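Per my numbering, the very first residue in the sequence shown carries number 3; after that it's consecutive. Glycine is no exception: its CB is placed at the ideal position from the N, C-alpha and C atoms. The model shown is predicted, which means the values in this text are computed figures rather than measured ones. Here the structure comes first, spelled out in structure tokens, and everything after it is commentary.
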Amino acid sequence: MSIHLFDTDFHNPLIISGPCSAETATQVMDTAILLKKTGKVHLLRAGVWKPRTKPGSFEGIGKAGFAWLTDAKKETGLPVAVEVGNVRHVEEALLNDIDVLWIGARTTVNPFLVQEIADALVGTSTPVLIKNPINPDLDLWIGALERFRNIGVPVGLVHRGFSTYSVSEYRNPPMWHLPLEVKRRFPEIKMICDPSHISGKRTMLKKIAQTSIDLDFDGLMIETHINPDDAWSDAKQQITPQELEFLLNELVWRKGNSEITENNSQLAKLREQINQIDEELLTLIGQRMKVADLIGIYKKENNITIYQAERWNEILYRGLSGSTMHGLSEHFIRNYFDAIHLESIEHQNRVMNEGNK
Ligand code: PEP
Ligand code: MN
């Protein structure tokens with residue numbers, strides 16, 4: 003089956019949907035039929051091999067799932083996509099006429115695997131979607147993109163958020179400035195947003211999807227399941243095909259009806275990038291103050307003064323020594339740390355004197 007997902011016939015926006023994992027013949031077929039009925043989905047996704055962080059959970063149905071996907075494709079006419087994580091997966095997928103392959107976040111981090119998968123695709127024209135690596139490393143993502151581009155298959159990118167050590171409302175915080183930087187460098191490559199893996203929960207899907215549209219993304223990948231609560235993987239983030247239809251109808255598609263000129267839209271994108279970075283900076287500063295509060299509690303319990311000249315000098319010195327690397331002036335670094343320090347002291351003062359009024 004020939005498929006034009008990433009060339010001039012590209013559907014914009016491209017909507018990819020289907021279960022996190024193929025579980026049973028009925029689940030795949032029923033989900034596909036309902037997705038087709040929405041009239042809004044272009045590509046059916048289903049994981050057959052699942053890269054789970056820890057052993058012991060459902061690791062995918064394996065190649066038995068291909069027959070179900072083939073049947074669903076026959077019934078609905080929807081092309082199908084699966085995740086491949088090694089050469090054997092690629093060979094099985096090609097044998098089973100899978101239309102689109104995607105590289106999962108845990109595979110994009112590994113240049114050996116990415117290259118082996120790319121080599122296994124030489125001579126084919128199967129499109130490949132490349133998810134961002136789990137860690138916020140743009141070069142790894144771009145490196146994978148280049149490896150697939152080098153062998154000449156059509157490629158697209160999927161933004162699924164990045165893992166973080168800090169506590170977050172997201173399963174994988176979007177760090178929007180990263181996909182936006184990739185879009186700036188490779189404006190011709192389609193960028194799809196995956197709100198399911200960014201959020202990890204249903205309630206946030208719409209907000210993330212809308213942000214991606216506002217940021218000029220080219221499509222969405224959203225996980226759907228006929229019975230989301232009973233899904234064998236990623237149950238909390240999946241929605242029914244009917245809910246997907248509702249969500250897609252609620253989104254405001256900005257493209258097409260905008261009258262802004264090319265130049266203005268460039269400016270708007272850069273400004274949006276600034277807004278996102280500011281939001282991330284404030285989130286981080288808020289987290290820094292929470293740590294300061296904990297230090298305040300420690301100081302209170304151990305009768306230590308809030309202000310410690312030595313520590314303050316050390317913080318300032320560390321900041322100043324990084325000024326050139328970050329392209330920031332010494333003057334700015336001093337002002338910035340003064341403001342941060344003052345806010346920290348106010349936080350700790352509050353913590354220390356709580357209950358003393
Ligand atoms: C998936 O799409 O089901 C998946 C495993 O995603 P990711 O690689 O983004 O974690
Ligand atoms: Mn999933």
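Confirm, please, whether the CB-CB distance from residue j to residue i is below 8 angstroms.
i, j, result
"L45", "P81", "yes"
"E85", "G125", "no"
"F164", "P175", "yes"
"L249", "K208", "yes"
"L253", "I215", "yes"
"M193", "D220", "yes"
"A311", "Q350", "no"
"I132", "A146", "yes"
"E247", "D236", "no"
"L96", "T72", "no"
In angstroms with no decimal places, state the Cα-to-Cα distance between residue i and residue j.
i, j, result
"N251", "A211", "12 angstroms"
"A360", "G154", "Outside the displayed range of the chain (3 to 359) lies residue 360, so it cannot be described from this structure."
"L222", "L296", "40 angstroms"
"E93", "I119", "9 angstroms"
"G2", "H179", "Summary: the structure shown does not reach residue 2, with the chain confined to residues 3 through 359, and so no result is reported for it."
"S130", "G67", "Reading off the sequence shown, one finds Val at residue 130, where the question assumed Ser. Approximately 20 angstroms between the Cα atoms of the pair."
"I317", "D340", "11 angstroms"
"I18", "L286", "32 angstroms"
The alpha helix (DSSP H) with residue i in it runs from where to where?
i, result
"I18", "No alpha helix (DSSP H) holds I18; the beta strand (DSSP E) holding it covers L16 to G20."
"R186", "H179 to R187"
"E348", "E332 to N355"
"V84", "No alpha helix (DSSP H) holds V84; the beta strand (DSSP E) holding it covers V82 to E85."
"I63", "Taken as a continuous stretch (DSSP letters only), I63 belongs to no alpha helix (DSSP H), as it is neither H nor E."
Could you tell me if residue i is buried or exposed, where buried requires 16 or more neighbouring beta carbons within 10 angstroms of its beta carbon?
i, result
"T78", "buried"
"S346", "buried"
"I299", "exposed"
"L37", "buried"
"H91", "buried"
"R54", "exposed"
"L272", "exposed"
"E261", "Note that E261 has pLDDT 47, beneath the 50 cutoff, so the model's placement of it is unreliable and the number below is only indicative. E261 is exposed by the Cβ-count criterion."
"N259", "In this prediction, N259 has a pLDDT of 40, which is less than 50 and means its spatial position is unreliable; nothing more can be read from the coordinates."
"I241", "buried"
Locate the beta strand (DSSP E) running through residue i, then write down its first and last residues.
i, result
"W104", "V102 to I105"
"V160", "V157 to H161"
"V130", "V130 to K133"
"M223", "G221 to E225"
Can residue i be considered in contact with the ligand FAD, in the sense that its beta carbon sits closer than 7 angstroms to one or more heavy atoms?
i, result
"E25", "The ligand FAD is not part of the structure shown, which contains the ligand PEP and the ligand MN as its ligands."
Task: Neighbourhood of the ligand PEP [Cβ distance below 5 angstroms to any heavy atom], ordered by chain position - done: C22, G49, G106, A107, K133, R162 and H199
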